[in-house]
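Same order as they appear, the protein sequences are chains A and B.
Residue 102 in numbering that gives the first Met the number 0 sits at position 103 of the first sequence; the count goes up by one each step and never skips.
Residue 16 in numbering that gives the first Met the number 0 sits at position 17 of the second sequence; the count goes up by one each step and never skips.
Glycine included, every Cβ here is placed at the ideal spot set by N, Cα and C.
2 protein chains.
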Amino acid sequence: MTQDLKQKQSRTQSLPKAQTGPGRPRGFDEAEALGQALQVFWKQGYEATSIDDLTAAMRLSRSSFYSAFSSKQDVFVAALRAYSENALGTLEQLAQGEREEALEAMVLALSGASDGPKGCMLVNCITELAPHNEQVAEIGRQHLERIEDLFARVLSPQDPGAANSTASALSALAIGILTLRKSGVSAHRIEQALSTARTLFTT
Amino acid sequence: MTQDLKQKQSRTQSLPKAQTGPGRPRGFDEAEALGQALQVFWKQGYEATSIDDLTAAMRLSRSSFYSAFSSKQDVFVAALRAYSENALGTLEQLAQGEREEALEAMVLALSGASDGPKGCMLVNCITELAPHNEQVAEIGRQHLERIEDLFARVLSPQDPGAANSTASALSALAIGILTLRKSGVSAHRIEQALSTARTLFTT
DNA sequence: TTGATATTGGACTAATCAGTTCATTTTTCA
DNA sequence: TGAAAAATGAACTGATTAGTCCAATATCAA
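Following this line, the structure appears as structure tokens:
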């Protein structure tokens, strides 16, 4: 069996190395490189992505890759965290809008209306890796919980706690729709599920 | 990059070989062996499963494996089809019950209440492989459509067409809950989503 | 310019991958 | 019993994997 994404229990996060003295400066931007890595992981999944895939996308040599990061999974977790922050930021922006428009936009975004066939990276990762890797599961859990909380706040700004059940259902529904989309279920069926989702928050 | 599950366009299905004459009979049951293979693919996913994993689980030598099946993906597709039939059979049984009890049981089964952390195999496969493999996407699509049709028939036996939207939403919701479960979201949040699911079919 | 330090590309390792080949064993039918 | 046929185990192929190492190069401060 291909070894599971190893569970480094509390491995140092790939902090940018302290610039201790003189020397050639890094010829690439770490965040940007992580962004490229993210795209590859997103498209192919963890197991199906090789270091060569990563270095090609990041335009890094193998040695630069390994001097900047400690392993494939290190890059993966860093990219996943960045993705989570970014995706939540987008959702928070959508949540600013008027109640029903905001909810509709959030559900659409979450259900992958614009991500093409790749689907939400975090959902992919949960499905592929969470059962075998607590670190990924934890990132996924936090991501999902923040999404639910966001839904609850938009649903019922005065008393978010009252909307918890609907919030849980809306995130589950959006994630489920994303899976339907990925298998290529007809647009008509997707629209049906979305219309029922709307009934959950239409007053 | 690890090669994607190749797309053999219309490869012969691994039919049991015609018993043409004398010779040592097969020492294993093909369906049973496929069942063992299924367990491994289910637990580990396609990419993370090696031929050694499969032969160990199926208790077959490498050569028996390759004389009975043509490739890893051949076994995979056969196992996936068997899984789909089996899962749909279970759901159809649950669908026999009284309306609300049937719907509740179906949602629970689909959302992985008893599959442990492995989740529904077909949902896993859709997430991992469907975007790159039309054969898997097709199996997933058919599976999901049959589930929706089943929901529609239970929701509204006289006029299943009228319940299409709710049926789509229920399957999406169940699948989404399954993903929540996989990331280890709290039982409380799962129950919240389930309770909202119930409101979709409680008269 | 020089010494120190960092990045870089390419070659390398050892393990693992999917799949093949073949000589041997086991079983069946005649 | 003997020949045909199928199953089997083990060794093998060539490709690919994640990760290491090092000599060459680039860039800094002084």
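Exposed unless 16 or more other CB atoms sit within 10 angstroms - verdict on residue i
i, result
"residue 91 of chain A", "exposed"
"residue 68 of chain B", "buried"
"residue 187 of chain A", "exposed"
"residue 85 of chain B", "exposed"
"residue 161 of chain A", "exposed"
"residue 192 of chain A", "buried"
"residue 178 of chain B", "buried"
"residue 24 of chain B", "exposed"
"residue 164 of chain B", "buried"
"residue 157 of chain B", "exposed"
"residue 130 of chain B", "buried"
"residue 195 of chain A", "buried"
"residue 27 of chain B", "exposed"
"residue 60 of chain B", "exposed"
"residue 231 of chain B", "Residue 231 of chain B falls outside the range modelled here, since chain B spans only 0 to 202, and no answer is possible."
"residue 78 of chain B", "buried"
"residue 175 of chain B", "buried"
"residue 185 of chain A", "exposed"
"residue 201 of chain A", "exposed"
"residue 127 of chain B", "buried"
"residue 6 of chain A", "The predicted model places residue 6 of chain A with a pLDDT of 44, which falls under 50 and marks its position as unreliable, so this point remains unresolved."
"residue 180 of chain B", "buried"
Cross-chain neighbours of residue i in chain B, by beta carbon under 7 Å
i, result
"residue 194 of chain A", "164"
"residue 225 of chain A", "Not covered by the structure: residue 225 of chain A. The range shown for chain A is 0 to 202."
"residue 182 of chain A", "125, 129, 136, 139, 140 and 143"
9 Å Cβ cut-off: residues of chain A touching residue i
i, result
"residue 95 of chain B", "By Cβ distance, chain A contributes nothing, its closest Cβ being about 24 Å from residue 95 of chain B, past 9 Å."
"residue 191 of chain B", "147, 163, 164, 165, 166, 167 and 168"
Interface partners of residue i on chain A, CB under 7 Å
i, result
"residue 117 of chain B", "130"
Where residue i meets chain A, residues with beta-carbon distance less than 8 Å
i, result
"residue 149 of chain B", "Those do not exist, as residue 149 of chain B stays about 14 Å from chain A at its closest Cβ, beyond 8 Å."
"residue 111 of chain B", "The contacting residues do not exist; residue 111 of chain B stays about 11 Å from chain A at best."
Within chain B, the residues that residue i reaches when beta carbons sit closer than 8 Å
i, result
"residue 154 of chain A", "By Cβ distance, chain B contributes nothing, its closest Cβ being about 11 Å from residue 154 of chain A, past 8 Å."
"residue 160 of chain A", "Going along chain B, no residue has its Cβ under 8 Å from residue 160 of chain A, so there is no contact; the nearest lies around 11 Å."
9 Å Cβ cut-off: residues of chain B touching residue i
i, result
"residue 23 of chain A", "Near residue 23 of chain A there are no residues of chain B at all, since even the closest Cβ is about 31 Å away, more than 9 Å."
For the segment 148-159 of chain B and the segment 149-166 of chain A, state whether three or more C-beta atom pairs, one from each stretch, are separated by less than 8 Å. no
Touching or not, the segment 45-53 of chain A and the segment 105-115 of chain A, by the rule of three or more beta carbon pairs under 8 Å? Result no; under three Cβ-Cβ pairs closer than 8 Å.
Under 7 Å, CB to CB, which of the residues in the segment 25-45 of chain A have a partner in chain B? 43 and 44
Counting only Cβ-Cβ distances shorter than 7 Å, please list the residues of the segment 73-106 of chain B near chain A, keeping chain order. none
With 7 Å as the limit, tell me which residues of the segment 124-139 of chain A have their beta carbon closer than that to any beta carbon of chain B; keep them in chain order. 125, 126, 127, 129, 130, 136 and 139
Tell me whether the segment 131-146 of chain B and the segment 132-144 of chain A touch, counting them as touching only if at least three CB pairs, one residue from each stretch, are closer than 8 Å. no
Write down every uninterrupted run of the alpha helix (DSSP H) in the segment 95-154 of chain A whose length is 4 residues or greater and which is fully enclosed by it, in chain order. 98-109, 120-128 and 133-154
Name, going along the chain, the residues of the segment 46-63 of chain B whose beta-carbon falls closer than 7 Å to a beta-carbon of chain A. 46, 47, 48, 49 and 52
Please determine if the segment 92-108 of chain B and the segment 92-108 of chain A are in contact, where contact requires at least 3 C-beta pairs separated by less than 8 Å. Contact annotation: the segment 92-108 of chain B does not touch the segment 92-108 of chain A, with fewer than three C-beta pairs closer than 8 Å.
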